[in-house]
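Contents: one structure, followed by commentary.
Protein chains: 2
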Amino acid sequence: MGRWEPNARERLGRSALELFLERGYESTTAAEIAERAGLAKSTFFRHFADKREVLFGGQDRLNRLFIDAVTGVPDSATPLDAVAAALDAVAAAFGPEQRAFVRQRHAVISGNSDLRERELLKLAALTAVMADTLRERGVPDPAASLAAELGSLAFRNAHARWIDPANQQDFPDLARQELNELKAATATLDQAPGTAR
Amino acid sequence: MGRWEPNARERLGRSALELFLERGYESTTAAEIAERAGLAKSTFFRHFADKREVLFGGQDRLNRLFIDAVTGVPDSATPLDAVAAALDAVAAAFGPEQRAFVRQRHAVISGNSDLRERELLKLAALTAVMADTLRERGVPDPAASLAAELGSLAFRNAHARWIDPANQQDFPDLARQELNELKAATATLDQAPGTAR
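What follows is the structure, given as structure tokens:
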């Protein structure tokens with residue numbers, strides 16, 4: 001007990017998702033996750049406060065990546081540049097090696113209404129933090145809120161495309177495409193459906 | 001018991017908010033709400049499933065107003081016209097006579113993290129339903145999602161201004177102003193902060 005275990009966090013995360021998908025999230029215990037990973041239960045609790053944190057523990061890091069990126073762009077950057085930089089930065093959490101995990105995580109969350117709510121709330125918090133960070137950069141409201149919502153929509157859409165088994169593109173490419181499409185769509189909001197641009 | 005009570009629902013709603021603000025939401029029971037209103041506990045449960053529904057029971061009506069308005073605009077309407085019609089329609093739930101209730105409701109929700117989460121989730125659901133309704137009208141994505149987010153932002157901002165004690169304007173005016181400001185802000189998203197338009 002208490003000894004160092006190589007890759008314990010990753011092993012626990014993988015075992016947790018296997019069990020969540022096999023038995024359901026509600027029916028899986030921390031002890032079972034540790035057992036599947038070949039680790040002690042106490043090791044589980046050194047890495048995660050509870051089984052829910054296996055799914056949402058990465059969110060703080062994601063928020064940090066977003067905020068640091070928006071803070072780090074030069075003063076001359078436009079609100080959309082800042083949002084694009086944030087989307088680029090989160091690519092660090094969505095590399096090819098994370099795709100299987102993120103896809104399984106999505107399947108688990110989709111199947112449980114409490115987890116879906118938790119995911120929505122985390123995204124709302126992330127959007128609010130982005131808007132705050134843009135305001136601190138001097139972007140006035142409602143442009144700050146609007147840019148943050150565009151970033152949030154681009155993130156959600158890129159995430160959905162990225163975890164699609166048929167997808168071959170990497171996350172930053174998808175996020176840029178989605179943001180560009182949203183930007184283009186702003187010009188169509190006062191056009192009747194079916195009207196040529 | 002079981003007899004008709006004039007304005008029972010309104011009386012229960014007002015009593016509930018008084019008690020939530022006096023004693024805290026968590027510490028207030030349905031029996032106490034009924035007692036304050038001079039009604040039987042069974043009358044409370046004929047009108048509300050639980051005390052939380054006093055705060056969120058109006059939400060289904062709000063969703064219905066939004067959806068019906070978006071569905072009802074002519075085919076030639078732009079996505080923003082449809083969203084503006086939805087904001088106009090919800091004015092029926094935000095008349096001068098509801099302002100005290102809505103303001104107290106906001107104070108109760110602001111003071112309780114579970115209720116704040118519930119409010120965020122309700123708003124996310126409303127935004128999703130608006131986007132779906134726009135898609136059914138033939139608005140393509142991501143314009144449908146974007147228009148719904150603009151409507152949602154305009155609604156939140158107008159709501160915040162409307163319940164401000166200093167406010168003299170009515171809800172539809174505020175909502176229109178907010179939507180127009182958001183529309184204008186879309187043109188500033190690729191301008192550096194401080195740049196003249």
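If you read the protein sequences in the order shown, they are chains A and B. Counting in the UniProt record's numbering, the first sequence tops out at residue 197, every number present. Counting in the UniProt record's numbering, the second sequence tops out at residue 197, every number present. Backbone N, C-alpha and C define an ideal beta-carbon position, used for all residues, glycine too.
- Fewer than three beta-carbon pairs drawn from the region 65-81 of chain B and the region 74-89 of chain A are found closer than 8 Å, and the two stretches are therefore not classed as touching.
- Not a single CB atom of chain B sits nearer than 9 Å to the CB of LEU87 (chain A).
- Neighbours of GLU181 (chain B) in chain A, taken as residues at a C-beta separation under 8 Å, are given in chain order as PRO142.
- Counting every other CB atom within 10 Å of its CB across the protein chains shown gives ARG61 (chain B) a total below 16, marking it as exposed.
- ALA160 (chain B) has its alpha-carbon roughly 17 Å from the corresponding atom of LEU55 (chain B).
- For SER152 (chain A) and ARG137 (chain A), the gap between their C-alpha atoms comes out near 18 Å.
- Here the alpha carbons of LYS122 (chain B) and LEU189 (chain A) stand approximately 24 Å from one another.
- When A:ALA131, A:ALA154, A:SER27, A:ARG156 are compared, the shortest CA-CA separation from LEU146 (chain A) is found for A:ALA131.
- LEU182 (chain B) has its alpha-carbon roughly 6 Å from the corresponding atom of PRO142 (chain A).
- Put simply, the CB of GLN168 (chain A) is far from chain B, with every gap to its CB atoms at 9 Å or more.
- Among the CB atoms of chain A, one or more fall inside 9 Å of the CB of GLY138 (chain B).
- When DSSP states are grouped into helix, strand and coil, ASN112 (chain B) belongs to the coil group.
- In the structure shown, the three-state DSSP call for ASN167 (chain A) is coil.
- Neighbourhood of ASN157 (chain A) in chain B, by CB distance below 9 Å: ASP141, PRO142, SER145, in chain order.
- Contact check for LEU174 (chain B) and ALA158 (chain B): beta-carbon distance about 4 Å, within the 8 Å limit, so the pair qualifies.
- Counted as a single uninterrupted DSSP element, the alpha helix (DSSP H) harbouring ARG9 (chain A) occupies residues 8-23.
- In the displayed model, ARG137 (chain A) falls within coil according to three-state DSSP, outside both helix and strand.
- Residues of the region 97-123 of chain A with a C-beta atom less than 7 Å from some C-beta of chain B are GLU117, LEU120, LEU121, listed in chain order.
- For GLU53 (chain A), the nearest beta carbon of chain B is not closer than 9 Å to its own beta carbon.
- Below 8 Å, enough C-beta pairs join the region 37-51 of chain B and the region 8-21 of chain B to call them touching: three or more.
- Assigned with DSSP and collapsed to three states, VAL90 (chain A) falls in helix.
- Here DSSP, grouped into helix, strand and coil, assigns GLN177 (chain B) to helix.
- Within the same chain, and ignoring the five residues on either side of ASP88 (chain A) in sequence, the residues whose Cβ sits closer than 6 Å to its Cβ are PRO172.
- Excluding five sequence positions before and after GLN59 (chain B), the CB atoms of its chain that fall closer than 6 Å to its own CB belong to LYS122, given in chain order.
- Nearest Cα to PRO193 (chain A) within the set B:ALA37, B:VAL73, B:ARG36: B:VAL73.
- Scanning its chain for C-beta atoms nearer than 7 Å, with the 5 sequence neighbours on each side dropped, one finds around PHE20 (chain A) the residues THR28, VAL108, in chain order.
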